[in-house]
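Chains as they are written, first to last, in this note's numbering: chain A, 34 to 199; chain B, 31 to 398. The beta-carbon is built from N, C-alpha and C at its ideal position, and this holds for glycine as well. Source: prediction; values computed, not measured.
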Amino acid sequence: MNNPLVTPELGLIIWSTLVFCILFFLLAKYAWKPILKAVKEREASIENALNAAEQAKNEMKQLSASNEALLNQARAERDEMLKEARITKDKMITEAKLAANTEAERIIASAREAIQNEKLAAITELKNQVATLSIEIAEKILKQELSTAEKQKSLIDSAVAEINLN
Amino acid sequence: MLKNYFVKTLVFTVFSLISFTSLKAENHDTLTTKHDENHETSENSEYDPIPVIMHHIADAHDWHFFDYNGHAFSMPLPIILWTDNGLVTFMSSEFHHDNSGEHIVERKDMRFIKFNEKIYSLKIGAPAGFSYDTTTPVLDLSITKNVFSMLMSVVIILFVFFKTAGHYTKNGAVAPKGIASFMEPLILFVRDDIAKVNIGEKKYMKFMPYLLTIFFFIWFNNLLGLIPWIGGANVTGNIAVTLVLAIFTMIITNINGNKEYWGHIFWMPGAPVPVKIMLIPIELVGVLIKPFALMVRLFANITAGHIVVLSLLSLVFIFKNASLGAVSVPFALFISVLELLVAFLQAYVFTMLSALFIGTAVAEHEHH
Numbered sequence: 034m035n036n037p038l039v040t041p042e043l044g045l046i047i048w049s050t051l052v053f054c055i056l057f058f059l060l061a062k063y064a065w066k067p068i069l070k071a072v073k074e075r076e077a078s079i080e081n082a083l084n085a086a087e088q089a090k091n092e093m094k095q096l097s098a099s100n101e102a103l104l105n106q107a108r109a110e111r112d113e114m115l116k117e118a119r120i121t122k123d124k125m126i127t128e129a130k131l132a133a134n135t136e137a138e139r140i141i142a143s144a145r146e147a148i149q150n151e152k153l154a155a156i157t158e159l160k161n162q163v164a165t166l167s168i169e170i171a172e173k174i175l176k177q178e179l180s181t182a183e184k185q186k187s188l189i190d191s192a193v194a195e196i197n198l199n
Numbered sequence: 031m032l033k034n035y036f037v038k039t040l041v042f043t044v045f046s047l048i049s050f051t052s053l054k055a056e057n058h059d060t061l062t063t064k065h066d067e068n069h070e071t072s073e074n075s076e077y078d079p080i081p082v083i084m085h086h087i088a089d090a091h092d093w094h095f096f097d098y099n100g101h102a103f104s105m106p107l108p109i110i111l112w113t114d115n116g117l118v119t120f121m122s123s124e125f126h127h128d129n130s131g132e133h134i135v136e137r138k139d140m141r142f143i144k145f146n147e148k149i150y151s152l153k154i155g156a157p158a159g160f161s162y163d164t165t166t167p168v169l170d171l172s173i174t175k176n177v178f179s180m181l182m183s184v185v186i187i188l189f190v191f192f193k194t195a196g197h198y199t200k201n202g203a204v205a206p207k208g209i210a211s212f213m214e215p216l217i218l219f220v221r222d223d224i225a226k227v228n229i230g231e232k233k234y235m236k237f238m239p240y241l242l243t244i245f246f247f248i249w250f251n252n253l254l255g256l257i258p259w260i261g262g263a264n265v266t267g268n269i270a271v272t273l274v275l276a277i278f279t280m281i282i283t284n285i286n287g288n289k290e291y292w293g294h295i296f297w298m299p300g301a302p303v304p305v306k307i308m309l310i311p312i313e314l315v316g317v318l319i320k321p322f323a324l325m326v327r328l329f330a331n332i333t334a335g336h337i338v339v340l341s342l343l344s345l346v347f348i349f350k351n352a353s354l355g356a357v358s359v360p361f362a363l364f365i366s367v368l369e370l371l372v373a374f375l376q377a378y379v380f381t382m383l384s385a386l387f388i389g390t391a392v393a394e395h396e397h398h
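Okay, here's the thing in structure tokens:
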């Protein structure tokens with residue numbers, strides 16, 4: 034039990050206790066407190082910065098997402114407008130075509146009517162002229178046939194001959 | 031590749047030479063110490079490394095550097111004694127390097143002798159020389175080699191950490207620079223990997239000053255003990271010092287123990303009543319065994335390191351062959367480097383276990 038290696042010396046125990054206590058209080062007050070405080074503050078500020086960055090990132094993400102949505106909406110609207118325009122165009126064309134057709138048909142019909150009328154008029158005219166010409170010819174012929182008294186007599190003779198008084 | 035190898039070889043050689051020169055000094059030192067301690071032993075006898083090693087790892091009343099031409103060169107340290115006649119102080123040089131109890135120093139009508147680095151007061155009329163019958167032990171409050179080394183380490187620790195703290199008080203909570211950038215990772219290591227893990231987020235802050243102090247106190251003293259001449263004192267390998275540190279941990283653990291901690295000691299929940307009664311003494315012994323293990327672990331590890339290095343160097347004198355230095359010096363160098371790791375590791379282990387014990391004392395258990 035007297036091995037000096039494992040026999041604690043009272044003097045050294047007292048000195049170690051004293052020295053350690055002094056060291057502890059000095060360090061606790063003048064070293065650990067400011068150091069730990071500074072480290073903690075710095076960590077907090079770093080964490081805040083990181084959080085802010087994360088937040089900014091999220092905001093950016095949100096912003097870009099809303100931009101995207103806006104763009105999509107605009108695109109959709111444009112498409113809608115184009116579609117509408119196309120429909121309107123088609124409708125207009127169809128309507129125009131229809132109107133044109135109707136008009137053409139009407140024009141053609143009226144033309145046909147006019148032609149018919151003209152034709153009738155022409156035919157009537159022709160008939161009238163033919164009649165007039167016929168009368169004139171007949172007149173001339175008659176005038177020719179009855180120019181002399183002889184001829185008139187012959188005619189009357191023939192006509193009298195023809196008359197069969199039975 | 032080759033250049034690198036060359037540089038390594040050069041560094042190794044230089045280190046070996048440095049070690050060898052200190053070895054030479056050690057040579058003389060150890061031989062004369064031996065000579066001092068055993069006056070009657072002749073130079074030709076077998077070399078016994080044990081007293082030399084014991085002398086090196088034990089505490090001393092003066093700081094012995096080397097011997098030259100039979101004269102010991104050492105720094106005297108103050109001797110402070112508490113006796114029946116009050117406080118007695120004188121320098122250790124008064125003993126004239128006598129460690130055999132032959133040289134008497136007279137103060138305040140008392141005669142003191144130093145025997146094996148212990149100071150005794152001779153009874154009235156007793157002759158010089160140590161014997162249990164003729165001497166009475168005195169309360170020795172001397173600034174011994176260990177106390178002096180400890181004070182030195184305290185100065186270094188205070189310097190380092192005041193400087194570190196100064197960096198933050200001056201610049202605010204900025205990134206560390208200079209000495210602070212070296213110490214901050216260690217402080218964070220103690221905080222994050224020792225305190226937070228073992229004590230818990232909520233309560234660790236209260237114990238941070240203690241854990242940091244104990245960590246750096248042990249580490250700096252371990253390192254200082256590895257430096258020959260300047261340090262070389264075996265502070266953390268002294269059982270009195272480790273005892274004090276372990277007692278601090280024990281006190282802090284037990285004064286902070288909550289109801290559940292004491293409940294687990296005196297009335298183990300969830301056990302049948304006879305087992306509960308049986309567990310009381312076991313748990314109570316556990317309260318003492320935990321710090322006891324702390325004390326022995328640190329003491330044994332650090333002392334063992336010193337013994338191994340000194341034993342390796344003693345090989346040269348055991349075999350009386352200087353060429354053995356080619357073997358023992360690289361080995362001693364290897365062990366010394368290993369001791370650098372052990373110095374950190376033991377500081378870590380002591381702090382970690384202290385935090386663990388404190389953590390179990392303050393933990394709030396969920397009731398299963």
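Between the alpha carbons of Lys-306 of chain B and Met-298 of chain B lies a distance of about 5 Å. In this structure, DSSP gives Ser-180 of chain A a state outside helix and strand, which the three-state scheme calls coil. Going by beta carbons, Gly-44 of chain A and Leu-171 of chain B fall inside the 9 Å limit.
In the structure shown, Ile-257 of chain B adopts coil according to DSSP, grouped into three states. Counting along the chain, the unbroken beta strand (DSSP E) around Lys-144 of chain B starts and ends at 140–145. In the structure shown, Asp-114 of chain B falls within a coil segment according to DSSP collapsed to helix, strand and coil. For Ala-195 of chain B, the closest C-alpha among the options A:Glu-138, A:Ser-97 and A:Lys-62 is that of A:Lys-62. Under the criterion of beta carbons closer than 8 Å, Asn-331 of chain B and Val-359 of chain B do not qualify as touching, at roughly 23 Å. A check of alpha carbon separations from Phe-374 of chain B across B:Tyr-291, B:Leu-256 and B:Val-392 identifies B:Leu-256 as the nearest. For Phe-120 of chain B, DSSP records a beta bridge to B:Ile-109. Three or more Cβ pairs closer than 8 Å define a contact, and the stretch 133–143 of chain B falls short of that threshold against the stretch 220–239 of chain B. Straight-line measurement puts the Cα of His-94 of chain B at about 6 Å from the Cα of Met-105 of chain B. Only residues of its own chain outside the window of five on either side were considered, and among them Glu-178 and Leu-179 have a CB closer than 8 Å to the CB of Leu-188 of chain A, listed in chain order. Taking 9 Å as the CB threshold, Ala-85 of chain A stays off the interface with chain B. Using a Cβ distance threshold of 9 Å, Thr-40 of chain A and Val-274 of chain B do not count as a contacting pair. In this structure Gly-202 of chain B is exposed. Its beta-carbon is surrounded by fewer than 16 other beta-carbon atoms within 10 angstroms.
At a beta-carbon threshold of 7 Å, the residues of chain B lying near Glu-74 of chain A are Ala-203, ordered along the chain. Contact of Ala-323 of chain B with chain A is not assigned, every C-beta pair being separated by 9 Å or more. A check of alpha carbon separations from Val-338 of chain B across B:Ile-319, B:Phe-361, B:Phe-245 and B:Leu-354 identifies B:Phe-361 as the nearest. Non-local beta-carbon contacts of Met-238 of chain B in its own chain, meaning distances under 8 Å to residues more than five positions away in sequence, involve Val-220, Arg-221 and Ala-225 in chain order. The Cβ of Leu-340 of chain B sits no closer than 9 Å to any Cβ of chain A.
Beta-bridge partners of Phe-103 of chain B (DSSP): B:Phe-96. Between Leu-324 of chain B and Ala-393 of chain B, the beta carbon gap of about 19 Å keeps them out of contact (Cβ cut-off 8 Å).
What Ile-186 of chain B touches in chain A, judged by beta-carbon distance under 9 Å, is nothing: the nearest beta carbon there is about 11 Å away.
For Glu-214 of chain B, no beta strand (DSSP E) encloses it; the enclosing alpha helix (DSSP H) starts and ends at 209–219. When secondary structure is reduced to three states using DSSP, Thr-165 of chain B falls in the strand class. Residue environment analysis places Pro-167 of chain B among the exposed positions, since fewer than 16 neighbouring C-beta atoms fall within 10 angstroms of its C-beta. It is roughly 14 Å from the alpha-carbon of Thr-181 of chain A to the alpha-carbon of Asp-190 of chain A.
Taking Thr-333 of chain B as the centre and dropping the five residues before and after it, the same chain places the C-beta of Ile-87 and Gly-267 closer than 6 Å to its C-beta, in chain order. With respect to the C-alpha of Tyr-378 of chain B, the residue from B:Thr-119, B:Gly-293, B:Ala-391 and B:Phe-247 having the closest C-alpha is B:Phe-247.
Residues of the stretch 40–62 of chain A whose Cβ lies closer than 8 Å to any Cβ of chain B, in chain order: Thr-40, Pro-41, Glu-42, Leu-43, Gly-44, Leu-45, Ile-46, Ile-47, Trp-48, Ser-49, Thr-50, Val-52, Phe-53, Ile-55, Leu-56, Phe-57, Leu-59, Leu-60 and Ala-61.
Per the coordinates, the alpha-carbon of His-91 of chain B lies some 57 Å from the alpha-carbon of Ala-82 of chain A.
Straight across, the Cα-Cα distance linking Ile-295 of chain B with Leu-314 of chain B is about 7 Å. Going by beta carbons, Leu-216 of chain B and Phe-192 of chain B fall outside the 9 Å limit. Between Ala-385 of chain B and Leu-241 of chain B a beta carbon distance of about 6 Å is seen, short of the 8 Å cut, so the two are scored as contacting. Rounded to the nearest whole angstrom, the C-alpha separation of Glu-231 of chain B and Met-382 of chain B is 15 Å.
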